[in-house]
Amino acid sequence: MTAWPNRSAGPGRAPTWGRADRAKAAAKLMLGWVAFLWVLEAVDVSTGHALDTYGIEPRHPAELLDIVPAAFIHFGFGHVASNSVPLLVFGFLAALGGIRRFAAVAALIIVVDGLGVWLVSPAHSNTAGASGLVFGLFGYLLVRGFVDRRPLDIGIGLLIGAIWGSSILLGISPTNTSVSWQGHLFGLAAGVVAAFVFRRRAGRTAGTGRGGDPTATPFLP
Numbered sequence: 421m422t423a424w425p426n427r428s429a430g431p432g433r434a435p436t437w438g439r440a441d442r443a444k445a446a447a448k449l450m451l452g453w454v455a456f457l458w459v460l461e462a463v464d465v466s467t468g469h470a471l472d473t474y475g476i477e478p479r480h481p482a483e484l485l486d487i488v489p490a491a492f493i494h495f496g497f498g499h500v501a502s503n504s505v506p507l508l509v510f511g512f513l514a515a516l517g518g519i520r521r522f523a524a525v526a527a528l529i530i531v532v533d534g535l536g537v538w539l540v541s542p543a544h545s546n547t548a549g550a551s552g553l554v555f556g557l558f559g560y561l562l563v564r565g566f567v568d569r570r571p572l573d574i575g576i577g578l579l580i581g582a583i584w585g586s587s588i589l590l591g592i593s594p595t596n597t598s599v600s601w602q603g604h605l606f607g608l609a610a611g612v613v614a615a616f617v618f619r620r621r622a623g624r625t626a627g628t629g630r631g632g633d634p635t636a637t638p639f640l641p
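Taking the working numbering, the leading residue of the sequence shown gets 421, the next gets one more, and so forth.
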């Protein structure tokens, strides 16, 4: 999912992206992502929940192949609905920092979260859903501003912490047996790690891409 860059750059210069371009790209990406989850669940329901077999069953070597698919599979429309709004909000805010950076962050969260679920979830369980990514993006946004030393992102992190913090704490509590708290906890931890792994290089200002153009899309460090 891409958005067209600003073509106002002069001859010999790479096309640049303004804030509106980045916001459109982030919105299109996350709307498409969430729509894909709903389509998948519709397929799952219409096939008698055949896709549920792609959830993660712990400590079976073959189940390692399901780590990525499990992040897109859900156990019913209510399950998808519960993840849709926070995934849209957190994903959009994270993707504003650059689509490539977001893709790397999301990939790290999905893989680390899935490995954690595979290692420590109860035997004979089947874990799937985007909530691990949701918790991971929350953790990423919560600390990203402090890691990058950007006041605006610090404010965003504090705001989402105030709004969703209590729900996040409930979701990682071992006493909450109605959800995979292991998946939530590993996702949250992976998001915090991602903020450090994909932090901006020193000297790079917000919204600065190659060549120091302040309107260019941020690239991975």
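Where is the CB? At the ideal position from N, CA and C, for every residue including glycine.
By the Cβ test, the segment 506-520 is in contact with the segment 440-453, since at least three Cβ pairs between them sit closer than 8 Å. A buried status is given to residue 471, since no fewer than 16 other beta-carbon atoms sit within 10 Å of its beta-carbon. Around the beta carbon of residue 604, a 10 Å sphere encloses 16 or more other beta carbons of the protein chains shown; the residue is thus reported as buried. Looking at the DSSP output, residue 547 bridges to 476. A distance of 8 Å or more separates the beta carbons of residue 618 and residue 532. The three-state reading of DSSP puts residue 571 in helix, counting H, G and I together. Residue 475 sits away from residue 464, with the two beta carbons spaced by 8 Å or more. Judged by their CB atoms, residue 547 and residue 490 are nearer to each other than the 8 Å cut-off.
The continuous alpha helix (DSSP H) containing residue 439 extends over residues 439-466.
In this structure residue 526 is not in contact with residue 561, their Cβ atoms being roughly 12 Å apart against a cut-off of 8 Å.
Judged by DSSP in its simplified three-state form, residue 542 adopts coil rather than helix or strand. In the three-state reduction of the DSSP assignment, residue 504 falls in the helix class. By the Cβ neighbour-count rule, residue 521 is buried, with 16 or more other Cβ atoms within 10 Å of its own. The residues 554, in chain order, have a CB closer than 6 Å to that of residue 506 in the same chain once the five nearest residues on each side in sequence are set aside.
Residues of the same chain with a CB within less than 6 Å of the CB of residue 572, apart from the 5 flanking positions on each side, do not exist. Distance from the CA of residue 534 to the CA of residue 528, rounded to the nearest whole angstrom, comes to 10 Å.
Our two residues, residue 538 and residue 462, have alpha carbons roughly 26 Å apart in a direct line. The Cβ-Cβ distance between residue 577 and residue 503 does not fall below 8 Å. When 455, 519, 574, 501 are compared, the shortest CA-CA separation from residue 441 is found for 519. Put simply, the backbone Cα of residue 439 is about 17 Å away from that of residue 450.
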